[in-house]
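**Q** Next up is a structure, given as structure tokens.
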Amino acid sequence: MRSLYICYFGVREPLVQTQVLPYLRELVKGGHEMSLLTFEPDLKQSWTPEQIEETRARLAADGIAWHCLAYHKWPSAPATAWDTLAGALRVWRLMRRERFDILHGRVHTPVLMAALARKFSRSRPRLLFDIRGFFPEEYTDAGRWPENGWLYRTAKRVERWLLREADAFVVLTERARDILFPELKGEPIAEGPHHDKLGRPVEVIPCCVDLEKRFAGDAAELRRRTRTRLGLDGRRVIVYAGSFGGWYMTDEMMGLFETARRDDPTAFAMVLTQRDADAVREGLIARGFAGEDMFVASVPPGEIAEYLSAADIAISFIKACYSKQSSSPTKIAEYLACGLPIIANRGVGDVDPLIERNLVGVILDEFTLEGYSKALSEVEKLGDVRDRCRETARREFDLKNVGGERYRRLYKKMLECD
0 MRSLYICYFG VREPLVQTQV LPYLRELVKG GHEMSLLTFE PDLKQSWTPE QIEETRARLA
60 ADGIAWHCLA YHKWPSAPAT AWDTLAGALR VWRLMRRERF DILHGRVHTP VLMAALARKF
120 SRSRPRLLFD IRGFFPEEYT DAGRWPENGW LYRTAKRVER WLLREADAFV VLTERARDIL
180 FPELKGEPIA EGPHHDKLGR PVEVIPCCVD LEKRFAGDAA ELRRRTRTRL GLDGRRVIVY
240 AGSFGGWYMT DEMMGLFETA RRDDPTAFAM VLTQRDADAV REGLIARGFA GEDMFVASVP
300 PGEIAEYLSA ADIAISFIKA CYSKQSSSPT KIAEYLACGL PIIANRGVGD VDPLIERNLV
360 GVILDEFTLE GYSKALSEVE KLGDVRDRCR ETARREFDLK NVGGERYRRL YKKMLECD
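Under numbering that gives the first Met the number 0, think of the first position of the sequence shown as 0, with each following residue one higher.
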């Protein structure tokens, strides 16, 4: 079976390294011939011909044939339209040469490329719409598009067409599935894929993590070693991994750090972020943290487990709006894989039922000092839940036995529909 995976990100980006390539490797293990098309920012400036060939050879060794095009950012809408047409043309050419069985698009724009290419092709490969999120609503919720403006209306028309054209679907959360395919509400995820009213398979696959590579080894020894290296003995470490601003509730997270420090002088703030490290440090200092009471740094994906293992509690505050019902934050899987109980807010994907059902943290109901203090106290009452957290990660977010297995069974089901 030959499949083309289309992704509107660059192959070097962390998202592709952690949420695309691992799945493709799992599909290769299942006997699939995988090709990957990515869009590279600043292609001519950031890549030499030697680097392109080196990356192509490295991916080929994993069984992945890599193709790339330049990504254009500005002006936003015309640039995306240009990339869509260029991508559709490249997909069409690859289809003529490779004879793919499945075109797999990660979110709306790549699926549009695939659908357009298929319209003008003699071959009729299956089209997999890997939805990932409610794209038009994300832009309106973020304030980037006016609600019911022409960009939103156009995106919704395209989305409706893609929902008609696709032969199978992936969503990240049960909530998203129930919104898009209400006829499937209540169907057990583990027994999928289930079929929509037109008989097309729908699979729920959350953002998974590679427990065998990134989160393997002696967790207790890793925790001891890292805490000693960072001088954290005797400290109660609260960690946040990810971005600030936008969807991510900076003031609220700072409020929880401040409350933890007020209630417990041993509280230590650990923040692992790719940007805005200086602003984060200033925010913590303004809330009573001295330099020795915090660790703020950018950490490569391969080292995230080392730092998370040193923590005691993890936090995830994401703005709860309509579009976020489709979100599966990768940090939730990473926290649990490292044995960390989580303090999170309601309304983000399947996070609150996951935490409450498995007793692996606390759901915050109000962003107040009293609410933060209550949540911190309730986490303490849970006791030592590290093993329970890791078991939840294995059951819900394991790359091999959850993500990889569900993609493999969906691919199989798609071809059975012929």
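For every residue, glycine included, the Cβ atom is placed at its ideal position computed from N, Cα and C.
These numbers were taken from a predicted model, which means no experiment stands behind them.
Please look up how many angstroms separate the CB atoms of Val201 and Asp209, rounded, as I've assumed it's under 8 Å.
**A** Not really, about 25 Å apart at Cβ, beyond 8 Å.
**Q** Going by CA-CA distance only, name the one from Ala392, Pro77, Phe119 and Pro124 that's closest to Leu88.
**A** Among Ala392, Pro77, Phe119 and Pro124, the Cα nearest to that of Leu88 is on Phe119.
**Q** Quick one: Cα of Gly9 to Cα of Thr108, how far?
**A** Going from the Cα of Gly9 to the Cα of Thr108 covers about 14 Å.
**Q** Which residue from Glu39, Phe38 and Arg24 puts its Cα closest to that of Glu32?
**A** Arg24
**Q** Going by DSSP, name the residue or residues bridged to Arg112.
**A** Here residue 112 is Met; the residue named in the question, Arg, does not match the sequence. According to DSSP, which records beta bridges pairwise, Met112 is partnered with nothing at all.
**Q** Leu115 to Leu68, Cα distance in whole Å?
**A** 17 Å
**Q** What does DSSP give as the partner residue(s) for Ile342 in the beta ladder?
**A** Ile314 and Val361
**Q** Gly62 bridges to which residues according to DSSP?
**A** DSSP output for Gly62 lists no bridge partner at all.
**Q** In this structure, does DSSP put Phe396 in helix, strand or coil?
**A** Helix, per DSSP.
**Q** Look at Val238 and Ala313 and say whether their C-beta atoms are less than 7 Å apart.
**A** yes
**Q** Take the Cβ of Gln44 as the centre, count every other Cβ of all protein chains shown within 10 Å, and call the residue buried at 16 or more, exposed below.
**A** It counts as exposed.
**Q** Please state whether the Cβ-Cβ distance between Trp81 and His71 is less than 7 Å.
**A** yes
**Q** At what residue ranges does the region 265 to 291 contain a whole run of the alpha helix (DSSP H), taking only runs of 4 or more?
**A** With a minimum length of 4 residues, the unbroken runs of alpha helix (DSSP H) contained wholly in the region 265 to 291 fall at 276 to 285.
**Q** Sort Ala154, Gly198, Gly148 and Asn147 by Cα distance to Phe168 and report the nearest one.
**A** Nearest option by C-alpha distance: Gly198.
**Q** Leaving aside the five residues before and after Leu353 along the sequence, list all residues of the same chain whose C-beta is less than 7 Å from its C-beta, in chain order.
**A** Glu395
**Q** Does the beta-carbon of Lys323 have 16 or more other beta-carbons within 10 angstroms, so that it is buried, or is it exposed?
**A** Lys323 comes out buried.
**Q** Does the structure place the region 258 to 273 close enough to the region 291 to 303 that three or more beta carbon pairs sit under 8 Å?
**A** yes
**Q** State buried or exposed for Trp73, treating a residue as buried only when at least 16 other CB atoms are found within 10 Å of its CB.
**A** exposed
**Q** Counting only the same chain and skipping the five closest in sequence on each side, list residues whose C-beta sits under 6 Å from that of Thr139.
**A** Glu146 and Tyr151
**Q** When DSSP labels each residue in this structure, what does Arg222 get in the three-state scheme?
**A** helix
**Q** Taking the continuous beta strand (DSSP E) assigned at Pro77, which residues delimit it?
**A** It is not in any beta strand (DSSP E) - Pro77 instead sits in the alpha helix (DSSP H) that spans Ser75 to Glu97.
**Q** Answer with buried or exposed for Ser376, where buried requires no fewer than 16 other C-beta atoms within 10 angstroms of its C-beta.
**A** Ser376 should be labelled exposed.
**Q** Buried or exposed: Arg57, going by 16 or more other Cβ atoms within 10 Å of its Cβ?
**A** Exposed, by the Cβ-count rule.
**Q** So, for Lys212: in the same chain, excluding its five sequence neighbours on each side, which residues have a beta-carbon less than 6 Å away from its beta-carbon?
**A** none
**Q** Mind checking Gly284: buried by the 16 CB within 10 Å criterion, or exposed?
**A** Position check: residue 284 holds Ile in this sequence, whereas Gly was assumed. So Ile284 ends up on the exposed side.
**Q** Give the range of the beta strand (DSSP E) segment to which Thr172 is assigned.
**A** Thr172 -> no beta strand (DSSP E), and no H or E assigned at all.
**Q** List the whole-angstrom C-beta distance separating Ile188 from Val170, where the pair is believed to meet the contact cut-off of C-beta under 8 Å.
**A** Not quite, the Cβ-Cβ distance comes to about 10 Å (not below 8 Å), so this is no contact.
**Q** Indicate the three-state DSSP secondary structure (helix, strand or coil) for Met248 in the structure shown.
**A** coil
**Q** Quick one: is Pro135 buried, meaning 16 or more other Cβ sit within 10 Å of its Cβ, or exposed?
**A** buried
**Q** Look up His107 in the DSSP assignment and say whether it is helix, strand or coil.
**A** helix
**Q** Roughly how far, in whole angstroms, is the beta-carbon of Phe316 from the beta-carbon of Met248, given that I think they are within contact range, below 8 Å?
**A** 4 Å
**Q** Beta-carbon separation of Val110 and Leu161 under 7 Å?
**A** yes
**Q** Mind checking whether Ile101 and Arg123 have CB atoms under 7 Å apart?
**A** With respect to Arg123, Ile101 sits apart: the two C-beta atoms are not nearer than 7 Å.
**Q** To the nearest angstrom, how far is the alpha carbon of Met252 from that of Trp144?
**A** 27 Å
**Q** Ala309 to Gly233, Cα distance in whole Å?
**A** 12 Å
**Q** By the three-class DSSP mapping on this structure, what secondary structure does Asp129 have?
**A** strand
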